[in-house]
Ligand code: COA
Ligand code: AMP
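Numbering (our numbering), first residue to last: 182 to 817.
As structure tokens, this is what we get:
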């Protein structure tokens, strides 16, 4: 890039976005290069690079092979849970992707069709994603820790022609069989795919094709054995590349749409400007392909860059110990890594003095990036002092697909401040608004909003629901996108993100909806009313707590109460998934509400966290809070 610093780049990105993004777009190979950069003819909806065409898979694989990177590792699968490692070159990955794309094409998958991918951290998950991109099909990856009901909701909304699954995932404590969960999800969903492809893993092979179903069940290996490689399909920059469902406050997940052109341009720009990663560098993101961090920074950004990505099927601790990340960094000569702060908290808990860290040569490591939840100053200080490299917080969301605020290590490294993800990234006009929509001065806390248009790569809409996009994000303050996070900016322009202003939970960097956990609790026959709140947790940042009012005549005390609470915990595992990590449910006499019937979750959260609650004047019966305070301050 021709900028000589952050300030110049930031100013240009907002004052002359066409010029800024036209230059960034030159690093992507187009079939029809863009002539128009921004289409602003239909506010508040904006589109980037209308009229241009490309193929994302071509940019991630074919062009690198053509340009001489064929023998460079594209992907290193490091899997302590299976005791295996596999390095796949760019040429090797291209061959696998083209063949799997051919296999899907033989099942009728075409441009615009949806494909749901329900797989653990195996190379085939990446192959399936890129094969969709190759065909112009739209993938929707569902995280393996979600239960059948959540998977069914996504299948119902995305209406996939094909579902690709693995027979199992491997957690340190157990083998998680995916196929029975997929079967249960398909039983629940009114939409049925035409085909289901199952990758058999030896840890738990699945029964494939043995049920009498309306759809065909196929074995991945058999299908691929007969397939012809497929070529890249030309798609519009504005065509969807993927849908990634994320949790809102209600139980109904939101299908975040990502386009092809803006996404490729933005992610490629982010790799060197934000992360300081160039072609040939080794980059390690410890997340899951089921989350946005996995989509952007395990799969697309490193491959669009021609870097090597490490796909890690393991945990920060327990596979086998808190030295796992350090072993990976040393063994694969990782230049920079990315994960969620909770992973570092887990390592710090098990190895506070960094003894396992010191057993490895970490000289290749230049920086650590953390996102997904607030990086608390303690964890920041610990990681910085232990590793001796910059530990960089970045703030963003599934909706944006890449960082809104960060310290741009490639463009211009700036001083790091504990508790702050540093400054707005070029392209993002970050503004703090008060309740009336007026901008707030430095130091004052309000709603963190982004002035429209947002940069390329951010969501153009929600799948099949422009209105929900406009109503949910763009209507509160006309001309702005409301992030749902609250915070402030300091005198130096550094942003401080203090947390969600709505009822979305963030558990170990995983975004979860109170609504879907409440729906699971409410489905129990003895429950009259319930509420779920997120309370502070040392390891996971936040964990959910359930509060239930039982139906008249049901005994909520003693052994009977304990049985009901245990059933409720199990229901949430079965309906939402183990990742919800709900361990504590309490029976209470009543829930605090406003006179119009709104449950006061924020007030309860403050009580549970030991803070003095702000009690709204509209509370229906203040005495309910006094009784509840004793329950909320008690944790198991
Ligand atoms: N498939 C099936 N089950 C899964 C799963 C998956 N892909 N991922 C997690 N689970 C299960 C776990 O086995 C666990 O089940 P359990 O209740 O039977 O033990 C439950 O979901 C909760 O998992 P997890 O959040 O991983 O908690 P943990 O207590 O096992 O581990 C950490 C805590 C901090 C080590 C872990 O949360 C972690 O590695 N976090 C990294 C954060 C991250 O990757 N965030 C993504 C966004 S960047
Ligand atoms: P997700 O869409 O799953 O990536 O979750 C996005 C939400 O996680 C944001 O709206 C924030 O509430 C939270 N979050 C992510 N990164 C950070 C961060 N660096 N600091 C504070 N909160 C964060």
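No residue lacks a Cβ here, since even glycine has one placed at the ideal position from N, Cα and C.
Express the C-alpha separation of residue j and residue i in angstroms, rounding to a whole number.
i	j	result
residue 242	residue 454	21 Å
residue 467	residue 314	23 Å
residue 399	residue 390	7 Å
residue 646	residue 505	42 Å
residue 491	residue 471	16 Å
residue 274	residue 236	16 Å
residue 588	residue 740	53 Å
residue 439	residue 639	7 Å
residue 658	residue 428	22 Å
residue 614	residue 670	11 Å
residue 433	residue 216	38 Å
residue 182	residue 204	With a pLDDT of 41 at residue 182, under the threshold of 50, the predicted position of this residue should be treated as unreliable, and no value is reported.
residue 814	residue 790	7 Å
residue 772	residue 324	32 Å
DSSP state of residue i, grouped into three classes?
i	result
residue 812	helix
residue 183	Confidence in residue 183 is poor, its pLDDT being 40 and thus under 50, which makes the residue's placement unreliable; the coordinate value appears in the next sentence. In this structure, residue 183 counts as coil in the three-state DSSP scheme.
residue 585	coil
residue 393	coil
residue 704	coil
residue 662	strand
residue 679	strand
residue 138	The question about residue 138 has no answer, for the chain in this structure spans 182 to 817.
residue 573	strand
residue 712	strand
residue 500	coil
residue 765	strand
residue 295	strand
residue 567	helix
residue 790	coil
residue 605	strand
residue 600	coil
residue 645	coil
residue 806	helix
residue 654	helix
residue 407	coil
residue 487	coil
residue 213	strand
residue 243	helix
In this structure, what does DSSP give as the bridge partners for residue i?
i	result
residue 423	320, 439
residue 268	257
residue 229	219
residue 336	Answer is none; residue 336 lacks a bridge partner.
residue 375	None, per the DSSP bridge assignment.
residue 774	780
residue 416	235
residue 454	DSSP, once it has assigned bridges, lists no residue as partnering residue 454.
residue 694	685
residue 550	519, 573
residue 724	716
residue 744	Answer by DSSP bridge pairing: none, since residue 744 is not bridged.
residue 620	614
Can you find a CB in chain B that lies within less than 9 Å of the CB of residue i?
i	result
residue 191	Protein chains in the displayed structure number just one, and chain B is not present.
For residue i, which option in the options has the closest C-alpha, if you only look at C-alpha atoms?
i	options	result
residue 345	338, 328, 370, 375	375
residue 622	668, 237, 656	668
residue 341	627, 682, 202, 371	371
residue 195	479, 631, 726	631
residue 551	524, 338, 331, 694	524
residue 463	450, 480, 722, 447	480
residue 578	437, 565, 733	437
residue 445	321, 246, 202	202
residue 677	554, 494, 251	554
residue 352	501, 804, 663	501
residue 508	536, 516, 476, 542	542
So is the beta-carbon of residue i under 8 Å away from any non-hydrogen atom of the ligand HEM?
i	result
residue 814	The ligand HEM is not part of the structure shown, which contains the ligand COA and the ligand AMP as its ligands.
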